[in-house]
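Report on the following structure.
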């Protein structure tokens, strides 16, 4: 009865709203109403009002948006008699309606995000058995050693935890290939990783052939194992010790729970963050998804599997014959299958892994191309709208996640549209300057306020536009390929651990220069027409401003495709751990400030003895209880001056047996990493965010142009690094092949 009354209230409210929105009013009245709505929303935004004010904000902003949509539909389209203008006008109108549809679905998803309580802590005898799967294809032994050692060290009863490396780079098919190079590399990798697993105390597994990519590899792991829960970590996603404590309890409490997903946290910047220098102060791109959207999806039992840092119930997977592999996004597809069977999911917003992002712009585009093609495959082959068993809310959530990936078409349409009037004088937006101001400008202002209100802590102003633009240039072709043949896309592994020996332009940079050139020419034409055609001067001001906004984003993008040098092969993560440095028998208490696979930075806690330029010693690792000494790592120490303080830079000389100690320092307590994430999540005002973005747009084109002119004869230096580690007896192991 209560549900029926709630539905009736929603229907009545929606009917009244639609009737009010459709009322004819003058342009002046529209302007006054819109300004009043903006003032109200701005007051709520500035004063940080919470509770019921959140819904007042959303309702007020939605009213302005719907007024714009009604006016845009009924008053701005040119006559169909002028087909030359009407066709592009309809294309632009369709793109705008797509954006409004996505806005509506986004508001539905994130209007009331859920905050989960901590999982209940159960005694060991009540906990289920857990199999940890680490699927790998071409990752280095060094990266795998850290992930496997970290997984092995998770806080869980030892007799109920088993860790498996699922190696898809050393399959029978590859080892017995007729190509001598392929077989040789696969055999070397196979033997290297078997030895690595033996020394770390985990199980090495491979399969006959690389069928169905990652999904097939995970399904091969299900065969011959029997853990009640399956944990999946990507090869470069090393878990914190607490991971199972914070997730498994939910499965004990809820018998129909198939998934607990946790956020992905990265210890290195993506290409935009590195090339623009924002990693230490701006929220990462994925924080908007994991910090807000996944919590909104969780409200509707629609939080989905993201491929790693997740726990799944084996019984649920067996009901759908394992991980789904029809599309190349096996994670979201698997969640869709299980949600449609009535299983439940849950999202825990607590970062508990340290992972790696793509290092170069090219690998970043390759990763996003795979995500884009896979989500559109899901839409075409397993349409959530028609999928039996899903609730209405789940359909909206999955449609929102899949339809989002058509944004490249919309971005390019919005970039081309003003050029049609500036260059070809096509009337594709039939409105006066006064109407444009009263409806369109106020709509754009309220939309930016809305976006900053909902996502301001996890996404700075303009950054979404920049991320979407840089991807759009290359993703349009990916979308078309899927639309033409939905079953054609194949899974491509994202390159990780690359280094750049010099600042240079990305090999994908040239289209971005062309686009800036076209927009600059259009800017010049708009100035010329404004001075020579006064009868369209007002409209030219509006459309010219639109073109300038596109130009600002395109200029900032030249900074993204200007790759900044990165010689460090392993990123450092924040760490606050006590340890002891032993050099020539002298024991020096130190605090470990940060650490990577290859070394650490430590602060001495007493006066240092006289050290040579490169002193050898050992770093003694102390457990988090501050008493137990777990072992030591051979190091070379160098004195480094940092901001007036004296610190020591340590270089590890690690063998396989030392990786559990490195994992202990890095991941036994990741509160410093979480603190870093929290420190970045500060709201950046629209004015200050716009000013900073304008600085990028002014500065970076000159830097990019310098590289374009003066680096033409230099080779593009960037290489995938496959570090070598040593076995327990100190002998070097062969490097992992890049397959």
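Residue numbers (the working numbering): 1111 to 1849. We treat Cβ as the ideally placed atom computed from N, Cα and C, and that holds for glycine. Model, not experiment: these values are computed from the prediction.
Cα-Cα separation, residue 1386 to residue 1347:
25 angstroms
When the Cα of residue 1483 is compared with those of 1545, 1494, 1597, 1422, which residue comes out closest?
1597
Euclidean distance between Cα positions of residue 1817 and residue 1614
6 angstroms
Helix, strand or coil for residue 1703 per DSSP?
strand
Pick out whichever of 1442, 1228, 1217 has its Cα sitting closest to the Cα of residue 1353.
1228
Segments assigned beta strand (DSSP E), at least 3 residues, entirely inside the segment 1382-1434:
1420-1423
Whole-angstrom distance between residue 1512 and residue 1128, CA atom to CA atom
28 angstroms
Please confirm whether residue 1155 and residue 1559 have their CB atoms less than 9 angstroms apart.
yes
Locate the alpha helix (DSSP H) running through residue 1478, then write down its first and last residues.
1471-1491
So the candidates are 1358, 1230, 1447, 1700; which of them puts its Cα closest to the Cα of residue 1270?
1358
CA-to-CA distance, residue 1231 to residue 1838, given in whole angstroms:
Unreliable placement is indicated for residue 1838, whose pLDDT of 41 sits below 50; no coordinate value is reported for it.
For the alpha helix (DSSP H) holding residue 1367, just list the boundary residues, first then last.
Segment 1367-1371 is the beta strand (DSSP E) holding residue 1367; no alpha helix (DSSP H) there.
Proximity below 9 angstroms, CB of residue 1389 to CB of residue 1373
no
Suppose contacts are defined by Cβ-Cβ distances below 9 angstroms. Is residue 1477 in contact with residue 1420 by that definition?
no
Beta-carbon proximity check, residue 1295 vs residue 1284, cutoff 9 angstroms:
yes
Residue 1279 burial status per 10 Å Cβ neighbour count (16 or more: buried)
buried
Between the segment 1793-1813 and the segment 1285-1304, do three or more beta carbon pairs fall short of 8 angstroms?
no
Please state the DSSP three-state secondary structure of residue 1173.
helix
Enclosing beta strand (DSSP E) for residue 1135 [first to last residue]:
Run containing residue 1135: none; DSSP gives neither H nor E here.
Can you tell me whether DSSP reads residue 1743 as helix, strand or coil?
strand
Let's test the definition: count the other Cβ atoms within 10 Å of the Cβ of residue 1525 and tell me whether it reaches 16, buried, or not, exposed.
buried
From residue 1705 to residue 1366, what distance separates their C-alpha atoms?
40 angstroms
Rounded to whole angstroms, what is the Cα-Cα separation between residue 1622 and residue 1309?
49 angstroms
Which runs of the alpha helix (DSSP H) spanning at least 4 residues fall entirely within the segment 1303-1368, listed in chain order?
1323-1332, 1358-1363
Taking Cβ positions, are residue 1238 and residue 1361 nearer each other than 9 angstroms?
yes
Run the CB neighbour count on residue 1183, radius 10 Å, all protein chains shown included, and call it buried at 16 or more, exposed below.
exposed
Over the uninterrupted beta strand (DSSP E) stretch that includes residue 1728, give me the two end residues.
1725-1732
Excluding the 5 residues flanking residue 1260 on each side, which residues of the same chain have their C-beta closer than 7 angstroms to its C-beta?
1348, 1349, 1773, 1777
Helix, strand or coil for residue 1542 per DSSP?
coil
How long is the line joining the alpha carbons of residue 1553 and residue 1137, rounded to whole angstroms?
14 angstroms
Looking at the unbroken beta strand (DSSP E) that takes in residue 1762, where does it start and where does it end?
1755-1762
Short Cβ contact (9 angstroms threshold) for residue 1743 with residue 1721:
no
Just to confirm, are residue 1758 and residue 1813 a CB contact at a threshold of 9 angstroms?
no
Minimum C-alpha distance to residue 1262 - residue among 1516, 1311, 1518:
1311
To the nearest angstrom, how far is the alpha carbon of residue 1617 from that of residue 1673?
10 angstroms
Does residue 1200 get closer than 9 angstroms to chain D when you measure Cβ to Cβ?
No chain D is present in this structure, which holds just one protein chain.
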